[in-house]
Each structure stands twice: as structure tokens, then as C-alpha cells.
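In this note's numbering, the protein residues as written are 188 to 470. A virtual CB, placed ideally from N, CA and C, is assigned to each residue, including glycine. If you're wondering where the values come from, they're calculated on a predicted model, not measured in any experiment. This report concerns only the one structure given below.
Structural data, given as C-alpha cells:
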């Protein structure tokens with residue numbers, strides 16, 4: 188087989204795989220929207236659950252998920268970005284730094300249930316937070332930290348070294364150089380990767396199952412030490428623990444659609460932020 192035919196074969200194979208993946212995702216999304224849209228109503232979105240979650244609304248699950256995501260952002264975003272800035276701009280590049288990077292990359296691939304067990308042992312039991320929003324947010328923050336650090340460090344590496352050298356040559360300090368000449372151009376990639384990582388945390392079930400999620404709690408939280416319902420765990424309960432499957436099927440699809448919209452909203456927010464900062468800082 189000639190080189191041109193081989194190249195054409197590989198090209199069409201990769202193209203076919205890409206289209207296949209897009210079609211599968213489109214079908215799953217279409218199926219969730221088609222079955223979930225009839226279940227969406229004002230009562231469904233703002234009402235409290237009844238009959239162990241088999242009837243009523245999902246407001247506590249929506250509020251609980253938003254609280255967990257907000258807590259994860261507050262904890263993970265500054266810590267992850269600060270760690271990435273240190274590793275990229277301040278740390279001496281040697282064996283220790285390479286070992287730290289390897290450890291971070293390894294943690295990014297650890298199953299979420301392991302982080303759930305870690306959060307149960309450390310935050311729920313050892314630190315005495317109990318099953319609460321605080322324990323769940325800290326657990327999710329630990330889970331997404333490796334993703335935030337890796338994506339933020341990659342974004343920092345895309346900034347040309349000449350911008351740093353020019354600033355330092357003019358007498359600026361290291362921090363002034365980072366703040367004025369590096370972060371403005373790296374922040375779009377840092378925010379995009381970070382928010383996408385946090386969006387993944389919004390759909391996780393295993394970590395919150397062990398640290399915060401309640402089976403049935405028809406009230407809204409009042410403090411960070413309260414236990415809450417969450418959309419991923421609520422969807423799991425609707426799909427596996429309730430006997431009358433046909434009766435709760437509309438609620439299953441409706442809950443899945445709300446969760447999908449929440450995650451997609453975070454992804455769109457990341458895209459909007461990236462476009463805004465790229466327009467503001469061009470190089």
C-alpha cells in the first residue's frame with residue numbers, strides 16, 4: 188500500500204471515529220432531553236420531594252449541588268492555581284519537582300471512590316465535620332485539585348519566555364512579572380481547565396455518597412455543617428432504590444436533564460470567560 192493510500196486510510200478512520208463519538212453523545216443528549224423535558228415544570232424545580240423522593244420536586248437536590256460546587260470552587264481554585272504558579276514559576280526544576288508533578292498526574296487518575304474514602308476518614312471522622320457540605324466540598328476539592336494544577340501549569344507554559352525576560356530586564360520583580368506579564372495571558376486557559384474539572388466534580392456520586400449526600404432530606408441547608416441532597420446521588424436513588432420504576436422514570440430523566448444543564452452551563456461559562464479574556468489580552 189502506497190504512503191498516500193495509507194495516509195488517506197488513517198485520515199478517514201480518524202474522521203469516522205470522531206463522527207461516531209459525536210453521534211453517540213448527540214444521541215444520549217437527545218434521549219435525555221426528549222424524555223426529561225416533559226417532566227420539567229416550575230413545581231418540579233422549586234418543590235420539595237415527597238414519598239422518599241419518588242414524587243414532588245428536586246429543589247433541595249439542586250441547592251445542595253450548587254452549594255457543593257461553590258464550596259469546591261472556593262477551596263480548589265485558589266489552591267490549584269497557586270500550586271501551578273509555584274511549580275511553573277518559582278520551583279527549581281529538578282528531581283523533586285518532577286516527582287511532585289508525577290504524583291499530581293497520578294492523583295488525577297485515582298478513582299473517585301478512593302477520594303470518597305479519604306474524605307470519610309479525614310474530614311468526616313478525624314476532623315469531626317460529620318456528613319456535611321464542608322466535608323463534601325473539601326473532598327471534591329481534593330479530587331479536582333490535580334486537574335486544576337495540571338491544566339493551569341500547561342496554560343502558564345504557553346506564555347512565551349521572552350515576556351518574562353523582558354519584564355525582568357526592565358527591573359520588575361518576579362511577582363510583578365507574573366502578575367502583569369504572565370497571568371493575564373495564561374488566565375483563559377487556567378480558568379477553562381479549572382472550571383471543566385470542577386464541572387466533572389458536579390456530576391460525581393461516589394465522593395458525596397460517603398461525605399455529604401442524604402437519601403431523603405426535604406429541606407434546604409442552613410449552614411456548611413448540614414447534610415444535603417445532591418442531584419447525582421438523587422438520580423442514583425431514583426434509578427436503583429425505588430421499586431416502581433415506570434412511575435419514577437419521568438423524574439429520573441428530569442433530574443438527569445437538570446444535572447446535564449448544570450454541567451453544560453459551567454462548560455459554557457468557561458468558554459465565555461476564555462473568549463472574554465482572550466479579547467482583552469491579545470499577544
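Checklist line | Residue span of the alpha helix (DSSP H) that contains residue 218, given as start and end | finding: 190-223
Notebook entry, point to check: Looking only at its own chain, which residues have a Cβ that is under 6 Å from the Cβ of residue 379, when we skip the five neighbours before and after it?
Noted result: 457, 461
Check: Terminal residues of the continuous alpha helix (DSSP H) containing residue 406?
Finding: Where residue 406 is concerned, there is no enclosing alpha helix (DSSP H), given that its DSSP letter is neither H nor E.
Next item on the list: Rank 204, 192, 216, 210 by C-alpha distance to the C-alpha of residue 445 and give the top, closest one.
Entry: 216
Next item on the list: Please name the residue in 465, 408, 433 whose C-alpha comes closest to that of residue 235.
Entry: 408
Margin query: Between 369, 251, 202, 388, which has its C-alpha nearest residue 399's C-alpha?
Written below: 251
Check: Taking Cβ to Cβ, would you say residue 435 is nearer than 7 Å to residue 241?
Finding: yes
Checklist line | C-alpha distance - residue 362 paired with residue 389, whole-angstrom precision | finding: 33 Å
Check: Does the beta-carbon of residue 364 have 16 or more other beta-carbons within 10 angstroms, so that it is buried, or is it exposed?
Finding: buried
Next item on the list: State the CB to CB distance for the pair residue 335 and residue 264, rounded to an integer number of angstroms; the pair is presumed to be in contact (CB under 8 Å).
Entry: 7 Å
Margin query: Would residue 267 and residue 343 be called neighbours here (beta carbons separated by less than 7 Å)?
Written below: no
Check: By DSSP, does residue 475 sit in helix, in strand, or in coil?
Finding: This structure leaves residue 475 out entirely; the chain is present only between 188 and 470.
Note to self: Only counting the same chain, and skipping five residues up and downstream in sequence, which positions put a Cβ closer than 8 Å to that of residue 303?
What the structure shows: 326, 393, 394, 395, 396, 397, 398
Notebook entry, point to check: Just curious, the alpha helix (DSSP H) that residue 320 is in, first and last residue?
Noted result: 320-344
Margin query: Less than 7 Å between the beta carbons of residue 369 and residue 346, yes or no?
Written below: yes
Margin query: Here's the rule: buried if 16 or more other CB atoms are within 10 angstroms of the residue's CB, otherwise exposed. What is residue 352?
Written below: exposed
Note to self: Under DSSP, the alpha helix (DSSP H) around residue 347 begins and ends at which residues?
What the structure shows: That residue, residue 347, is in no alpha helix (DSSP H); it is neither H nor E in DSSP.
Check: Exposed or buried, which one is residue 372 when buried takes at least 16 other CB atoms within 10 Å?
Finding: buried
Note to self: Closest to residue 258 by C-alpha separation, out of 237, 322, 278, 244, would be which residue?
What the structure shows: 322
Margin query: Can you list, in chain order, the residues of its chain with a C-beta nearer than 8 Å to that of residue 292? Leave out the 5 residues immediately preceding and following it.
Written below: 333, 337
Check: Going by other Cβ atoms of all chains shown within 10 Å of its Cβ, with 16 needed for buried, is residue 316 buried or exposed?
Finding: buried
Notebook entry, point to check: Between the Cα of residue 465 and the Cα atoms of 401, 417, 221, 375, which residue gives the shortest distance?
Noted result: 375
Notebook entry, point to check: Taking the continuous alpha helix (DSSP H) assigned at residue 377, which residues delimit it?
Noted result: 370-389
Note to self: Would residue 416 and residue 426 be called neighbours here (beta carbons separated by less than 7 Å)?
What the structure shows: no
Next item on the list: Consult DSSP for residue 415 and reduce its assignment to one of helix, strand or coil.
Entry: strand
Note to self: Within 10 Å of its beta-carbon, does residue 421 have 16 or more other beta-carbons around it, so buried, or fewer, so exposed?
What the structure shows: buried
Notebook entry, point to check: To which residues does DSSP link residue 237 through a beta bridge?
Noted result: 242
Notebook entry, point to check: Among 428, 404, 429, 383, which one has its Cα closest to the Cα of residue 249?
Noted result: 404
Checklist line | Option in 391, 320, 440, 453 with minimal Cα separation from residue 410 | finding: 320
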